[in-house]
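Numbering (our numbering), first residue to last: 23 to 401.
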């Protein structure tokens, strides 16, 4: 479970607006998310209640209402819809659709994500990002914990734009940065205005995690982590996933470029590059699979007839049977069993050749006798 505000459990059982709080689902730096039931319609929803101290500033409250209204207007299949928002006493809250399939952090922890699934996740997330970016909304706090899943493991972005738009008024004015350090782009560390490329950087880190199970930069000390994002190069994919082709490394290099101008121009462009890498990987693996499979009509069992006879114990292991070595398991009813000599198997062709030699020699002797008779009579 994510972090949550102090005293989060005290709201359980209370009603905020039209919503009865049932249980804590999770939370973050700005508030706590609850499972709630809408009074009157018996519908379960997710209610995010912002930390009480955020409501102290009236300008902040007004900005929250404006931004919540803008987010409620977003309609995309992979963005959690904002159903309602409001203020109840000291509590500011957002009401969203409830998803019960966990989040992308759990998928990453499970590991071994198939490439087809990686591609599907990136496609869905990129589609949602492009939709929001075209409407002037930057997520800025994109991370696996903010990507929810349904039971079919479709992805849904949440906390869209709230951390950036609301945080700027309160936090950056105090010389602080907003975001999750592991996923923050270099420009965010420098306190610069975020852009679509800022979200692309975070998506690149998520891709790296889906492929390897770990983040490209991992450090417990925030200052050290900041320097890694600003100046250092991530561990090459080849060192962690030597099975992946070079196209995946090219995608990571572009997505995590220190200069945002060198990154993909959009999340959709990055998703297209991921699709190309996955397709190339499939083509790369197909020839190896085809080479390993026997050709149609090839009778591989025939090769066992011409191999040297192994000792009895090994012969039984190779054949996979407990039959005695002098009575080999038949390889096919339609195939005659070769004759056996004291030295081993006698090929049929060798017996035929011997028969022809004997017949030929007999014919030669008859011809010589006839020639002798003719010679004697001619005298």
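Yeah, the Cβ is synthetic: ideal placement off N, Cα and C, and Gly gets one too.
Exercise. So, helix, strand or coil for residue 265, using DSSP?
Worked result: coil
For this session: Measure the C-alpha to C-alpha separation of residue 88 and residue 223 and round it to an integer number of angstroms.
Result: 27 Å
Exercise. Which class does residue 168 belong to by DSSP, given the choice of helix, strand or coil?
Worked result: helix
Problem set entry | Inter-residue spacing [alpha-carbon to alpha-carbon] between residue 272 and residue 160 | Taking the straight line from one Cα to the other gives about 25 Å.
For this session: Mind listing, in chain order, the continuous beta strand (DSSP E) runs of no fewer than 3 residues lying wholly within the stretch 83-162?
Result: Those beta strand (DSSP E) runs which fall completely within the stretch 83-162 and span 3+ residues are 104-110 and 113-118.
Exercise. Which same chain residues, not among the five before or five after residue 61, have their C-beta less than 8 Å away from its C-beta?
Worked result: 37, 40, 41 and 42
Problem set entry | Residue of 169, 157 and 237 minimising C-alpha distance to residue 97 | 157
Problem set entry | Sufficient close CB pairs (3 or more, under 8 Å) joining the stretch 133-146 to the stretch 229-246 | yes
Exercise. Would you report the Cα separation of residue 113 and residue 299, rounded to the nearest angstrom?
Worked result: 47 Å
Problem set entry | Close-in-space but distant-in-sequence residues of the same chain around residue 70 (CB under 6 Å, 5 per side omitted) | 53, 55 and 116
Exercise. Going by Cα to Cα distance, which pick from 236, 240 and 242 is closest to residue 135?
Worked result: Considering only alpha carbons, the answer is 236.
Exercise. According to DSSP, is residue 32 helix, strand or coil?
Worked result: helix
Exercise. Quick one, which of 266, 211 and 63 has its alpha-carbon nearest residue 251's?
Worked result: 211
Problem set entry | Chain-order list of residues whose beta-carbon lies under 6 Å from that of residue 126 (same chain, five-residue window excluded) | 166 and 169
Exercise. Considering only the beta carbon of each residue, do residue 180 and residue 118 sit closer than 8 Å?
Worked result: Yes, the Cβ-Cβ distance between residue 180 and residue 118 is below 8 Å.
For this session: Using the Cα positions of residue 404 and residue 81, report the straight-line distance between them to the nearest angstrom.
Result: The structure shown does not extend to residue 404, since the chain spans only 23 to 401, so no value can be given for it.
Exercise. Leaving out the 5 sequence neighbours to the left and right, which residues in its chain are closer than 6 Å to residue 290 when beta-carbon positions are compared?
Worked result: 148 and 152
For this session: Using the DSSP secondary-structure output, state which residues sit across from residue 293 in a beta bridge.
Result: In the DSSP assignment, residue 293 forms no beta bridge with any residue.
For this session: Tell me, please, which residues DSSP counts as bridged to residue 60.
Result: Listed as beta-bridge partners of residue 60 by DSSP are 41 and 65.
For this session: Round the Cβ separation of residue 44 and residue 57 to the nearest angstrom and send it over; I've been treating them as touching at under 8 Å.
Result: 5 Å
Exercise. Whole-angstrom Cβ separation of residue 468 and residue 244, contact assumed at under 8 Å?
Worked result: Nothing in the structure corresponds to residue 468, since the chain is present only between 23 and 401.
For this session: Can you say whether residue 274 is buried or exposed, counting buried as having 16 or more other CB atoms within 10 angstroms of its CB?
Result: buried
Exercise. At what residues does the alpha helix (DSSP H) containing residue 76 begin and finish?
Worked result: Per DSSP, residue 76 lies in no alpha helix (DSSP H) and is assigned neither H nor E.
Problem set entry | Own chain residues within Cβ distance below 7 Å of residue 270, not counting five before or after | 233, 259 and 299
For this session: Provide the residue span of the alpha helix (DSSP H) that contains residue 230, from first to last.
Result: 218-234
Problem set entry | Buried versus exposed, by CB contacts within 10 Å (16 or more), residue 48 | buried
Problem set entry | Of the listed residues 137, 101 and 263, nearest to residue 171 (C-alpha basis) | Answer by Cα proximity: 101.
For this session: Throw me the rounded Cβ distance for the residue 93 and residue 182 pair, which I believe falls under 8 Å.
Result: A Cβ-Cβ distance of about 6 Å is found for the pair residue 93 and residue 182, placing them in contact under the 8 Å criterion.
Exercise. What residues in its chain sit with their C-beta under 8 Å from that of residue 174, if we drop five residues either side in the sequence?
Worked result: 123
Exercise. Considering only C-alpha positions, which residue in the set 286, 85, 63 and 103 is nearest to residue 120?
Worked result: 103
Problem set entry | Extent of the continuous alpha helix (DSSP H) run through residue 247 | Unbroken alpha helix (DSSP H) run through residue 247: 244-253.
For this session: State the DSSP-derived secondary structure class of residue 180, mapped to helix, strand or coil.
Result: Secondary structure of residue 180 (DSSP, three-state): coil.
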